[in-house]
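For the sequence shown, my numbering begins at 256 and goes up steadily by one.
The C-beta atom is built at its ideal place from N, Cα and C for all residues, glycine as well.
Input: a single structure, listed below in structure tokens.
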Amino acid sequence: MKVIKRGFLISLVLLVAAGCSHQVEPDAKSAAKNSEAKQAGQSKQESKVEGNIPEAARTVEGMINQKPGVLVDKHIDPELETASGWKGMDYIKFYDKTFKPLAEKEIRKHFEKQESITADSAYNYLVHMLGSGLYKDYYDQLVNYDHGFVMPELPEGPDQVETKQKKVNVMVLVDASGSMKEKVAGGVKMDLAKETVAKFVEQLPAEANVSLLAYGHVGSGSDADKAESCSKIDTVYPLNKYDAVAFNQSMNSFNAAGWTPLAGAIEKAFELLQRYSNEEYHNIVYIVSDGIETCDGDPVQAAKKLQENNINAKLNIIGFDVDDKGQQQLKQVAEAGQGTLTTVSDKAELETTILKKWRPTIGQLVWTQGVTLADSVKATERMNNIFNPLYHSSDNEMIRIQNAAYFLNSEELISDEVEDELLQLIREMHELRYSHFKKIREEKDQQREAAEKEIDGKVEEWRKQWETEPQG
């Protein structure tokens, strides 16, 4: 039976390896154990210990407030006691080579002098010598842990203050195909698109970069001009900070003319945005178009590419006076680009959509966030940095005292019956501590998850309100 216990002991000790930190050199004082003066001093100390052994706590509150064991306080660095990960091997090495031998020597001396030993009296002594005294500090941190998530202010209108968190690239693609020459209520579609886009860009945050692409502006709608018209997508305003004079000049550099290379225009936007990773930039593409692809391209596949290569460019489209077939295609394109399609039929609707709906999309919708991944990871790390030391302190204490019980039985200093009762008590106290710590952690985790869900939900609801409801 003792051989089996030895194997179990070794397994338990190895399992604890995942719980320690930097290597601690053996205490220099422990190297002089064989000197007569040291032995005399230890004998004197032992007499004091024997007469002043407190009853070990049997409640969570008592264990949390217990003082470190005499030997633990003297020889084990607190960082070594609570560390985790691969550094746990430092604890194993120190425990096996240094602490365990000196602890067994002290324990043997004490129990050799005892005439009547019970599991309770043995446990009292072993906790007094080998118990952890680190629970209080980490327990207080656990009880007072707060995830730190804060509900962001959600502006009720587009004119409220915007808070920048990422650099922003805004790319506007204007359909200048021949059909944009047509009139709607309020004016010619091409003129209205230019006028409204110019107002939109003028209101962008000063920090935003903007670019203007024109497509369909070359040639005519004839078959003879198709190849030329479909191949020409011009960056009339390169991606840069907004300059009113230069931007207005770019607007005047093209007019409605030919075919509709929608897919080619989106692919051009993709090429221009490839260098701007979503880690640093929030990329948004806006399209004003009055019809479907007419150059044999695949705008849906082109829109999907905007989500590749860490660009993650959101694509929003205004369908200007489009028919049912055009709406269906443009909706598929917008959805492929993780954006939305809004259809308008006249000047008033166009201005409402661009100036009052697109603006919060580029301002608050870009920068107002829920709980970011980084915030969530940091909150979890802070919890781990509190809970893990509690767990390892409790686990290490249990294994130290268990090993002492196995040692005492192997030396026939306690009976098999006392050993069994002692081991049962050790496990019960560890489970009492651990289950209490775990319950508090689970409650804190639930609070963190609930707060994250609530914040993300309200932010998303706010975004959808701007994305789906006309503002006027």
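Exercise for the section: Given a cut-off of 8 Å, decide if N495 and Y541 are closer than it, judged by their beta-carbon atoms. Expected result: No. Outside cutoff.
Problem - K351, buried or exposed, once every other Cβ within 10 Å from all chains shown has been counted against 16 - result: It should be noted that the sequence gives Asp, not Lys, for residue 351. It is exposed - the Cβ of D351 has fewer than 16 other Cβ atoms within 10 Å.
Practice task
Determine the contact status of L517 and P460, defining contact as a CB-CB distance below 8 Å.
Solution key: With contacts defined by Cβ atoms closer than 8 Å, L517 and P460 do not form a contacting pair.
Practice task
Taking only the alpha-carbon atoms, compute the straight-line gap between Q679 and R313 and give it to the nearest angstrom.
Solution key: Here the alpha carbon of Q679 sits roughly 13 Å from the alpha carbon of R313.
Exercise for the section: Can you give me the Cβ contacts of M426 inside the same chain, cut-off strictly under 6 Å, excluding the 5 residues immediately before and after it? Expected result: Cβ neighbours of M426 beyond the five flanking positions: S466, A524, V540.
Exercise for the section: For S484, count neighbouring Cβ atoms within 10 angstroms of its own Cβ and tell me buried if that reaches 16, exposed if not. Expected result: Counting the other Cβ atoms within 10 Å of the Cβ of S484 gives 16 or more, which makes it buried.
Exercise for the section: Report all residues from its chain with a CB closer than 6 Å to the CB of K348; omit the five preceding and five following residues, and keep chain order. Expected result: Excluding residues within five positions, none has a Cβ falling inside 6 Å.
Handout entry: C-alpha distance - D328 paired with D401, whole-angstrom precision
Key = Roughly 31 Å between the two C-alpha positions.
Practice task
Provide the residue(s) that pair with T627 in DSSP beta bridges, ordered along the chain.
Solution key: None, per the DSSP bridge assignment.
Handout entry: Proximity to E697 [Cα-Cα], best of K342, A558, F642, L668
Key = Among K342, A558, F642, L668, the Cα nearest to that of E697 is on F642.
Handout entry: Contiguous alpha helix (DSSP H) assignments of at least 4 residues, all confined to the stretch 510–578
Key = Counting whole runs of 4 or more residues, the stretch 510–578 contains the alpha helix (DSSP H) stretches 517–528, 554–560.
Handout entry: Per-residue DSSP class, three states only, for T314
Key = T314 falls in the coil class under three-state DSSP.
Exercise for the section: Specify the secondary structure class of E707 as computed by DSSP and reduced to three states. Expected result: In the displayed model, E707 falls within a helix according to three-state DSSP.
Problem - chain D contact for K360 (CB, 8 Å cutoff) - result: Considering every chain present, this structure includes no chain D. It has just one protein chain.
Practice task
Taking the CB atoms as reference points, tell me whether L389 and A358 lie closer together than 8 Å.
Solution key: No. Outside cutoff.
Practice task
Kindly indicate which residue of D375, A374, K713, L326 has the alpha-carbon position closest to the one of P356.
Solution key: For the set D375, A374, K713, L326, the Cα lying nearest the Cα of P356 is the one of L326.
Exercise for the section: Assign D498 to buried or exposed, taking buried as 16 or more other Cβ atoms, counted over all protein chains shown, within 10 Å of its Cβ. Expected result: Counting Cβ neighbours within 10 Å, D498 comes out exposed, since fewer than 16 surround it.
Exercise for the section: Kindly confirm or deny that the stretch 485–492 and the stretch 444–455 touch, where touching means at least three C-beta pairs closer than 8 Å. Expected result: Touching, no, given that fewer than three Cβ pairs across the two stretches are closer than 8 Å.
Problem - Rounded straight-line distance, which links the Cα of T549 to that of T515 - result: Spanning the alpha carbons of T515 and T549 requires a straight line of approximately 5 Å.
Exercise for the section: Kindly indicate which three-state DSSP category A286 falls into: helix, strand or coil? Expected result: With a pLDDT of 33 at A286, under the threshold of 50, the modelled position of this residue cannot be trusted; read the value that follows with caution. In the three-state reduction of the DSSP assignment, A286 falls in the helix class, which pools H, G and I.
Exercise for the section: Please report how far the alpha carbon of S508 lies from the alpha carbon of I566, in whole angstroms. Expected result: Using only the alpha carbons, I get a separation of about 29 Å.
Practice task
Kindly indicate which three-state DSSP category T490 falls into: helix, strand or coil?
Solution key: Looking at T490 - three-state DSSP - the assignment turns out to be strand.
Problem - Straight-line Cα distance separating T597 from E534 - result: Roughly 28 Å separates the two Cα atoms.
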